[in-house]
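Each residue of the sequence shown is one higher than the one before, starting from 194 at the first, in my numbering.
C-beta: ideal position from N, C-alpha, C; glycine also.
Here the structure is a predicted model, which means the values were calculated and not measured.
Please read the structure below before turning to the comments.
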Amino acid sequence: MQFDATRSDLTVGVIGAGAMGRGIAQVAAAGNMQVLITDSRAGAAQEARDFVDKLFVRAAEKGSMTKDAAAAATARIKVVSGLAEFKPCHLVVEAIIEDLEVKRALFAELENIVAPDCILASNTSSLSITTIAAKLKTPQRFAGMHFFNPVPLMKLVEVIAGLRTESWVIEALMAIGRRMTREPVSLTDAPGFLVNQVGRGFTLEASHLAYEGVSNFPDVDRVMRDVGGFRMGPFELMELTGLDVTQPASEAVYTQFFHEPRYRPNLIMRSRYDAGVLGRKTKKGFYEYDAEMKPIVAAEPAAPKAWPASVWVSPAEASGHAALTELLKKLGAPLETGARPGAAALILVTPLGEDATTCAVEQELDPKRTVAVDTLFPLVKRRTIMGTPVTDPVFRDAAHGLLASDGVPVTVCRDSPGFIAQRIVAMIVNIGCSIAQSRTAQPADIDKAVTLGLNYPNGPFKFGDVLGAGRVHQVLSSMYRIYGDPRYRPNIWLARRAKLGVSLLTTEP
């Protein structure tokens, strides 16, 4: 079927006038489309139109559009009283409550009103497009068009094909998304689509390691900001979005994937959700807040004024040995260069996915003097170290003092396979690879969706390529070996490209 997404009279119906619905109406009107908007609550659609009008007026005042263009954009939005007035629509986007039966009933009624070539789309973030469309008479014209909040600021829109969606529908929605000045990515139906799947790696793995007692919330957030390059740490992010949003979404993805271990939720999130301790909106979550709603976070402890008599770096992991040795030379550390450490030397190891204990035992090193340093990431803004359960505090403090001697902060965590950043970033990469392997979307589109929808510094494939696919694979393989938890098994997409030494973006013919 032919669909002209450029036509001047293209009319978009929007059902639901909440934050998402009014945002969709705004970008559609700004894209020179006619908009019909309705809501089940009396007056809500008019309130939404008034709200959007103020935004257009403000944009004109700031000079980003003319007064005439602002007035014309508002004039393109028309409030209607119900679905019966949606007959002239070429596209209808639903943005109502996340309830499967409510959505099904809505679209069943709607498909008897609109023309046969009108596209029906849902803005759902958690429900299957295929499932919503299953009982429709015309499921071939139904798709997902998932915007992100706030719609005018978040450029990404996920365009999701259900099992029976025809290709012309996806092509039309991609064109309409671009006309709305969004960045559309095309994918097939999957729980959590793209962004919500990858986002589980960030929040769930952080929760798992905190639950294990590896680190505390502020230190995890500091490491992921300074080491990983994220704008916010995972617990800061969950505080902002609220566990009433994050926890149900996490459980929905886990359930819909038939309890896939990579998406397994954690009790540290569930208990707070059950207790109503949701984050900023309840003034208490992973953090407590002062009267000005600033998180109450204790200052980082000062680095010990300690220095080792000598320090020996294990050569077991070549790249880590090279990076750490270079840094220690700049710091003026008393380096030993023998094949084995001296009897009083601080022993530094640089594991990928292993814990300090495993390194000490397998390399036959003294665990009381062994401290592990994370060298997968640049040692520039923050450094992360951990000892074994029996590491002498004197040697731990010596490692801390030495590595902080140039003013770069050092985070000390408890012994853990993969430290903090290795664990979280490796899970993000692995989930991205599993999405590509299932052919849900192309690698480049997955990276684009993640950077635009989650504001990550890199998408999963770019992260993997920057760090090295082989090294990320080693992190996951080591964690899988030590934990015995299938959550950490490397996806075959990652494993093959790591073995071949090619980019994770490499697609198959």
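ask   = How about Gly406 and Arg607: are their beta carbons less than 8 Å apart?
value = yes
ask   = For Leu524, which residues of its own chain have a beta-carbon under 7 Å away from its beta-carbon, when the five flanking residues on both sides are left out?
value = Leu595, Ser598 and Asp599
ask   = Between the C-alpha atoms of Val506 and Gln667, what's the straight-line distance to the nearest angstrom?
value = 20 Å
request  = Using alpha carbons as the reference points, say which of Arg372, Ala262, Ala221 and Thr439 lies closest to Gly392.
outcome  = Thr439
query = When you compare only the Cα positions, how much space is there between Ser443 and Lys474?
reply = 19 Å
request  = Compute the Euclidean distance between the alpha carbons of Gly206 and Glu240, then round it to the nearest angstrom.
outcome  = Roughly 16 Å between the two C-alpha positions.
ask   = Taking the C-alpha atoms as reference points, what is the distance between Pro610 and Val504?
value = 23 Å
ask   = Does DSSP put Pro332 in a helix, in a strand, or in coil?
value = The answer is helix: DSSP assigns Pro332 an H, G or I state.
message = Rounding to the nearest angstrom, what Cα-Cα distance links Pro501 and Ile613 in this structure?
response = The alpha-carbon atoms of Pro501 and Ile613 are separated by roughly 25 Å.
One or two residues paired with Lys271 in a DSSP bridge = DSSP output for Lys271 lists Leu229 as bridge partner(s).
request  = Check whether the Cβ atoms of Leu303 and Val286 lie closer than 8 Å to each other.
outcome  = no
Alpha-carbon to alpha-carbon, Lys477 and Ala368 = 43 Å
query = Counting Cβ pairs closer than 8 Å, one from the stretch 377-390 and one from the stretch 298-312, do we hit at least three?
reply = no
Helix, strand or coil at Pro377 according to DSSP, with G and I counted as helix = Under the three-state reduction of DSSP, Pro377 is assigned to strand.
task = With a cut-off of 8 Å on the beta carbons, I'd call Asp310 and Met226 a contact; round off their distance for me.
result = About 16 Å separates the two Cβ atoms, so there is no contact after all.
key: Segments assigned alpha helix (DSSP H), at least 4 residues, entirely inside the stretch 288-360   = As far as the stretch 288-360 is concerned, its whole alpha helix (DSSP H) runs of at least 4 residues are 293-303 and 322-326.
ask   = Who are the Cβ neighbours of Gly275 in its own chain at under 8 Å, not counting the five residues just before and after it?
value = Residues of the same chain with a CB within less than 8 Å of the CB of Gly275, apart from the 5 flanking positions on each side, are Thr231 in chain order.
query = Which whole-angstrom value describes the C-beta separation of Gln390 and Ile617, a residue pair presumed to lie in contact below a C-beta threshold of 8 Å?
reply = Contact flag wrong, Cβ pair sits at about 15 Å.
request  = For the beta strand (DSSP E) holding Leu545, just list the boundary residues, first then last.
outcome  = Taken as a continuous stretch (DSSP letters only), Leu545 belongs to no beta strand (DSSP E), as it is neither H nor E.
message = Using the three-state DSSP reduction, which class does Tyr447 fall into: helix, strand or coil?
response = helix
ask   = Just checking my contact of Ala365 with Ile312 at CB under 8 Å: how many whole Å lie between their CB atoms?
value = 6 Å
query = Taking the continuous beta strand (DSSP E) assigned at Arg576, which residues delimit it?
reply = In the DSSP assignment, Arg576 falls within the beta strand (DSSP E) that extends over Arg576 to Gly580.
ask   = Do you know how far the Cα of Ala237 is from the Cα of Glu398?
value = 39 Å
Among Ala526, Thr700 and Met213, nearest to Ala538 - alpha-carbon criterion = It is Ala526.
ask   = With burial defined as no fewer than 16 other Cβ atoms inside 10 Å of the residue's Cβ, what is the status of Phe451: buried or exposed?
value = exposed
message = Given this structure, state the Cα-to-Cα distance separating Pro602 from Asp419, to the nearest angstrom.
response = 10 Å
ask   = So, are the CB atoms of Asn316 and Met347 less than 8 Å apart?
value = no
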